[in-house]
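Novice: First, the structure itself, so that you have it in front of you.
Residue numbers (the working numbering): 17 to 58.
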């Protein structure tokens with residue numbers, strides 16, 4: 017599985033600063049790579 021966020025970082029070198037956890041602007045949260053990986057494997 018390849019995550020779209022990882023592809024953008026690899027291809028364009030643009031860091032991920034926010035991640036959406038819902039449908040609205042208020043659902044954007046600062047991206048924390050360590051917390052993101054922990055949530056995948058827990």
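Just so you know, even glycine gets a beta-carbon here, dropped at the ideal spot from N, CA and C. Predicted model, so just to flag it, every value in this text is computed and none were measured.
Just how far apart, CA to CA, sit residue 47 and residue 28?
Specialist: In the chain shown, counting from the first residue as 1, residue 47 sits at position 31. In the chain shown, counting from the first residue as 1, residue 28 sits at position 12. Residue 47 and residue 28 have their C-alpha atoms some 18 Å from each other.
Novice: Got a sec? Which residues, its chain only, sit under 7 Å from residue 45 by beta carbon, not counting five neighbours each side?
Specialist: Counted from its first residue, the chain shown places residue 45 at position 29. For residue 45, where only same-chain residues beyond five positions count, the Cβ hits under 7 Å are 34, 35, 37.
Novice: In the DSSP assignment, find the unbroken beta strand (DSSP E) run with residue 35 in it and report its ends.
Specialist: Locating residue 35 in the chain shown gives position 19, counting from the first residue. Residue 35: member of the beta strand (DSSP E) spanning 34 to 36, first to last residue.
Novice: Per DSSP, residue 44 forms a beta bridge with which residues?
Specialist: As a first step, residue 44 is located in the chain shown; it is residue number 28 there, counting from the start. DSSP output for residue 44 lists 36 as bridge partner(s).
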